[in-house]
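**Q** Numbering (the UniProt record's numbering), first residue to last: 1 to 329.
Every residue, glycine too, gets a C-beta built ideally from N, C-alpha and C.
These figures come from a predicted structure and were not determined experimentally.
What follows is a structure written as structure tokens; I'll ask about it next.
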């Protein structure tokens, strides 16, 4: 199944789960990304109907309880919805490591670009006067997103497309342009890396996603190269990054009773009347900033300046991304 169809099916499920009333095919076409067409154009409308019929059959084969009915006796066109009572899973007890894995998978789903499209679809439903249950989809968009290079680099690796991006390293003032044939994106010690063939250096290189500046642009055609067979991306990143030495110390102020993860990490905690002072060991300012911004206003960096500036830069990138998403909706 292609990625575009997968995204369309996911968004169709989200759309039908988000309201208790039956939605007509026309309402679904106006709401779900991937169904856009001109209903007055007979050829386009016929293509939509074929696509919609295939997707309904696919959902039913996957076990999704798709119901057909009408919202009232006066409706002449049938509508569709998902029977929540049959679709909902029973309570599933998870061990801590299993729950962590589910959380990582959910974060990847958000980074894959589905969250923005789904959220946009729900906004269209509200605009059309359809009552939307905000709890039905368990939160479609994260408040804080990091590493905006994740989605374009994973897409480029999947499609085998060359990319270019600007990359900054700690010992240089200005970022440098890199051209890469990405083989894959992996996580190592809490950081995301892309591994591939550096076209300018003619060698295998890996780059930390948090150091990518600005947009990642695809410059080559799909299928333009073939990664080496059996390459171990994790092993390559491990050799490149070397051992992690947390020689740095950062001092942050934390809201009392909040940021339990940081408190476990801290080497010193001093309670205060309005905020607690934590001393955190760290090896890389960018990586630490990625952790700190996830706590939002509950954490404020006092020093060192490199960590404070890294947090400010992350927040600026987040604000820019949300502004761009707001414009496209």
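Using CA coordinates, which residue listed in 204, 219 and 213 is at the minimum distance from residue 155?
**A** By one-based count along the chain shown, residue 155 stands at place 155. Nearest C-alpha to residue 155: 219.
**Q** Identify every residue that forms a DSSP beta bridge with residue 52.
**A** Residue mapping note: residue 52 aligns to position 52 of the chain shown, counting from 1. Beta-bridge pairing links residue 52 to no other residue.
**Q** Is the distance from the Cβ of residue 206 to the Cβ of residue 195 below 8 Å?
**A** To locate residue 206, count along the chain shown from 1; it is residue 206. To locate residue 195, count along the chain shown from 1; it is residue 195. In contact: residue 206 and residue 195 (Cβ atoms closer than 8 Å).
**Q** Could you pull the start and end residues of the beta strand (DSSP E) that residue 207 belongs to?
**A** Sequence index remark: in the chain shown, residue 207 carries index 207 (1-based). Note, residue 207: beta strand (DSSP E), 203-208.
**Q** Leaving out the 5 sequence neighbours to the left and right, which residues in its chain are closer than 7 Å to residue 60 when beta-carbon positions are compared?
**A** Sequence index remark: in the chain shown, residue 60 carries index 60 (1-based). Taken in chain order, the residues that qualify are 66.
**Q** Where does residue 140 land, buried or exposed, given buried means 16+ other C-beta within 10 angstroms?
**A** Against the chain shown, residue 140 aligns to sequence position 140. A caution first: residue 140 carries a pLDDT of 36, below 50, which makes its placement in the model too unreliable to give a value.
**Q** Compare the beta carbon distance of residue 178 and residue 193 with 8 Å and say whether it is the shorter of the two.
**A** The count along the chain shown starts at 1 and reaches residue 178 at position 178. The count along the chain shown starts at 1 and reaches residue 193 at position 193. No, the pair does not count as a contact, with Cβ atoms beyond the cut-off.
**Q** So, is the C-beta of residue 154 closer than 8 Å to a C-beta in chain D?
**A** You won't find chain D in this structure, because it holds only one protein chain.
**Q** Between the beta-carbon of residue 285 and the beta-carbon of residue 252, is there less than 8 Å?
**A** Here residue 285 corresponds to residue number 285 of the chain shown, with the count starting at 1. Here residue 252 corresponds to residue number 252 of the chain shown, with the count starting at 1. Going by C-beta atoms, residue 285 is not nearer than 8 Å to residue 252.
**Q** Decide if residue 182 is buried, meaning its Cβ has at least 16 other Cβ atoms within 10 Å, or exposed.
**A** Here residue 182 is taken as the residue at index 182 of the chain shown, counted from 1. When all chains shown are included, residue 182 counts as buried.
**Q** When the Cα atoms are used, what is the spatial distance from residue 282 to residue 234?
**A** Locating residue 282 in the chain shown gives position 282, counting from the first residue. Locating residue 234 in the chain shown gives position 234, counting from the first residue. Rounded to whole angstroms, residue 282 to residue 234 spans 22 Å at the Cα level.
**Q** With a threshold of 16 other CB atoms inside 10 Å of the CB of residue 180, please say whether the residue is buried or exposed.
**A** Locating residue 180 in the chain shown gives position 180, counting from the first residue. Label assigned to residue 180: buried.
**Q** Quick one: what does DSSP say residue 37 is sitting in, helix, strand or coil?
**A** In the chain shown, the residue the question calls residue 37 occupies position 37. Residue 37: coil per DSSP, three-state reduction.
**Q** Unbroken alpha helix (DSSP H) runs of length 4 or more, entirely within the region 232-278: which are they?
**A** List check, alpha helix (DSSP H) in window: 233-241 and 260-265.
**Q** Going by DSSP, which residues form a beta bridge with residue 187?
**A** Here residue 187 refers to the residue found at position 187 when the chain shown is read from its first residue. DSSP lists 192 as partners of residue 187.
**Q** Looking at the secondary structure, which residues open and close the beta strand (DSSP E) in which residue 79 lies?
**A** Residue mapping note: residue 79 aligns to position 79 of the chain shown, counting from 1. Taken as a continuous stretch (DSSP letters only), the beta strand (DSSP E) holding residue 79 covers 79-82.
**Q** In the structure shown, what three-state DSSP assignment does residue 157 receive?
**A** As a position in the chain shown, residue 157 is number 157, starting the count at 1. DSSP places residue 157 in helix when its eight states are reduced to three.
**Q** In chain order, what residues of the same chain lie with their CB nearer than 7 Å to the CB of residue 168, ignoring the 5 residues before and after it?
**A** If you number the chain shown from 1, residue 168 lands on position 168. If we look at residue 168 and ignore the five residues flanking it on each side, its Cβ neighbours are 175, 211 and 213.
**Q** Near residue 34, which residues of its chain fall below 6 Å by C-beta distance, leaving aside the five closest residues on each side in sequence?
**A** For this step, residue 34 is matched to residue 34 along the chain shown. Answer for residue 34: 8, listed in chain order.
**Q** Tell me whether the beta-carbon of residue 184 lies closer than 8 Å to the beta-carbon of residue 157.
**A** Within the chain shown, the letter at position 184 stands for residue 184. Within the chain shown, the letter at position 157 stands for residue 157. Closer than 8 Å, so yes.
**Q** With respect to the beta strand (DSSP E) encompassing residue 215, which residues constitute its N-terminal and C-terminal limits?
**A** As a working note, residue 215 is residue 215 in the chain shown. Counting along the chain, the beta strand (DSSP E) containing residue 215 begins and ends at 212-218.
**Q** Have a look at 26, 52, 10 and 83 and flag the residue whose alpha-carbon is nearest the alpha-carbon of residue 19.
**A** By 1-based counting over the chain shown, the position of residue 19 is 19. Of 26, 52, 10 and 83, the residue nearest in Cα terms is 83.
**Q** Would you grab the beta carbon distance between residue 301 and residue 315 for me? Rounded to a whole angstrom, and I think it's under 8 Å.
**A** Along the chain shown, read from residue 1 onward, the residue named residue 301 stands at position 301. Along the chain shown, read from residue 1 onward, the residue named residue 315 stands at position 315. That pair is no contact at about 11 Å.
**Q** Using only the alpha-carbon positions, how far apart do residue 5 and residue 23 sit?
**A** On the chain shown, position 5 is the one that residue 5 refers to. On the chain shown, position 23 is the one that residue 23 refers to. Taking the straight line joining both Cα atoms gives about 20 Å.
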